[in-house]
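So the protein lines, in turn, are chains V and E. Quick note: the first sequence uses my numbering, first residue 1, plus one each step. Quick note: the second sequence uses my numbering, first residue 1001, plus one each step. We put the CB at the ideal spot given by N, CA and C, even for glycine. Below: the structure, in C-alpha cells.
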Amino acid sequence: MTNVPAEYGLILASLLFGTGLAGVLARRNIIFILLSIEIMLNAAGLAFIAAGSKWGQADGQVMFIFILVMAAAEVSVGLAIVLQLFHRIRTVDSDVANTMRG
Amino acid sequence: MMTFFYISAAIALISSVLAVSRSNAVHALLYTIVSLLSVALIFFMLGAPFAAALEVVIYAGAIMVLFVFVIMMISSGPVATQQERLWMNLRLWTGPSLLAAVLIIELFAVMSLPQALESTKSTVESKQVGIALMGPYMLGVELSSLLLTAGLVGAYHLGKRKSDASQAEGAEIHD
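Next up, the structure:
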C-alpha cells in the first residue's frame, strides 16, 4: 500500500490555510476568528506531516506535536481572555473592543 | 488509495469553507470537527498514524470541546445567530477571498509540482517519533512543558471572576 504523494498534502494544506485566513479576515465574532485560526494551525500541521512523510523521518510528526501543544496553550489562554472581555463589554463583537485605556 | 485521499480532502475543504461561513457558532464548530477528523484520515494516508491519533484525541477531542464550553457560556442562542446573519453578507467576503486566493495561487506556484510524483511506502511509526522526541528534540519537549504550565497558570488567572469586594481591596492595596 503506497502512500499519498506529499505534494498533494501540501496543496491541501495551502487550501485549508487560505480558507482559515479568509475566515479570520471576514468574521467579526471573536469566537469565529479563533476557530479560523485553529483551522490555519491545523493546515500548517498538515504541511509538516506531509514534509515528514516525504523524507520518511519522524521530524514532521514531532513538529506537529509541538504545534498541537502550542495550539492548546493558545486556545486556553485566548478563550479565557474572551471570557473576561465578554464579562466586561457584554458582547463578542470584535469591532466594539477597539479602544485601549488611556 | 488516491480516491480515498481525494474524498477526504474534499470533505476537509468543504467542511472548512462551511465552518467559516456559518451564522450559528455551534454549527461552525461541528463543521470544524468534521474537517479535523478528515485531516486525521489524511495523516493516516500519509503514513503518520501517531499524528492521526493525536489529531483526533487532542485537537478534535480536547481543543474543540473547550470551544464548545466557551460557546455555551457566551452565546445567547437565536439572538446571536440572528446577529451573525445581519453582519454577514456576500460583499463582506470579496476582500478576504481575494487575498486568500492570491495567497493560495502563490503557494501553488512556489511548490510547482514536479513531473514525476513518487509515492513512498514508508510509515513513520510511533516508536520512531518517541525516539526522536526523547533524543534530538528533548529540549523542545521541555519547552513544551514550560509552555503548557504557563498556559495553565495564565488561563486560570485570566478566568478568575473578581468579586466586587476583592476588587475594592485590590484598589486599596495598589494605592
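query                                                                                                                 : result
V/D93 in three-state terms, based on DSSP                                                                             : strand
Euclidean distance between Cα positions of V/V27 and V/F17                                                            : With the sequence shown as reference, residue 27 of chain V is identified as Arg, and Val is not the correct amino acid for it. Taking the straight line from one Cα to the other gives about 16 Å.
Inter-residue spacing [alpha-carbon to alpha-carbon] between E/A1052 and V/R101                                       : 44 Å
Nearest-angstrom Cβ-Cβ length linking V/S53 and E/A1012, presumed shorter than 8 Å                                    : 17 Å between Cβ atoms; not a contact.
Backbone CA spacing between V/L41 and E/A1100 [nearest angstrom]                                                      : 15 Å
Separation of E/S1122 from E/L1054, as counted between CA atoms                                                       : 19 Å
Neighbour list for E/Q1082 in chain V, Cβ cutoff strictly below 7 Å                                                   : By Cβ distance, chain V contributes nothing, its closest Cβ being about 13 Å from E/Q1082, past 7 Å.
Those residues which DSSP pairs with V/N29 across a bridge                                                            : V/D93
Chain-ordered chain E contacts of V/S53 [CB-CB under 8 Å]                                                             : L1046, G1047, A1048, T1120, S1122, V1124
Continuous alpha helix (DSSP H) assignments of at least 4 residues falling wholly in the segment 1039-1087 of chain E : 1049-1054, 1064-1074, 1078-1087
Residues within the segment 56-80 of chain V neighbouring chain E, beta-carbon criterion of under 8 Å                 : G56, Q57, A58, D59, G60, Q61, V62, F64, I65, F66, L68, V69, M70, A71, A72, A73, E74, V75, S76, V77, L79, A80
Neighbour list for V/I49 in chain E, Cβ cutoff strictly below 7 Å                                                     : F1043, L1046, A1048, A1051
Residues of the segment 26-43 of chain V with Cβ closer than 8 Å to any Cβ of chain E, in chain order                 : A26, R27, R28, N29, I31, F32, L34, L35, S36, E38, I39, N42
Distance CB(E/V1141)-CB(E/L1133) smaller than 7 Å                                                                     : yes
Three-state secondary structure (DSSP) of E/I1137                                                                     : According to the sequence displayed, residue 1137 of chain E carries Tyr and not Ile. If DSSP states are grouped into helix, strand and coil, E/Y1137 belongs with coil.
Rounded separation between V/Q84 and V/V75 - CA only                                                                  : 14 Å
Rounded straight-line distance, which links the Cα of V/I11 to that of E/V1102                                        : 14 Å
Beta-carbon proximity list for E/S1038, same chain, < 6 Å, skipping 5 on both sides                                   : S1008, I1011, A1012
Where V/Q84 falls: helix, strand or coil (DSSP)                                                                       : helix
CA-to-CA distance, E/Y1031 to E/E1084, given in whole angstroms                                                       : 17 Å
Minimum Cβ-Cβ distance from V/L85 to chain E less than 7 Å                                                            : no
Residue environment, V/T19, which counts as buried when at least 16 other CB atoms sit within 10 Å                    : buried
CB contact below 7 Å: E/G1151 versus chain V                                                                          : yes
Endpoints, alpha helix (DSSP H) assigned at E/T1003                                                                   : 1002-1021
Neighbour list for E/V1068 in chain V, Cβ cutoff strictly below 7 Å                                                   : Within chain V, no residue comes near E/V1068; the closest Cβ sits about 11 Å away, beyond 7 Å.
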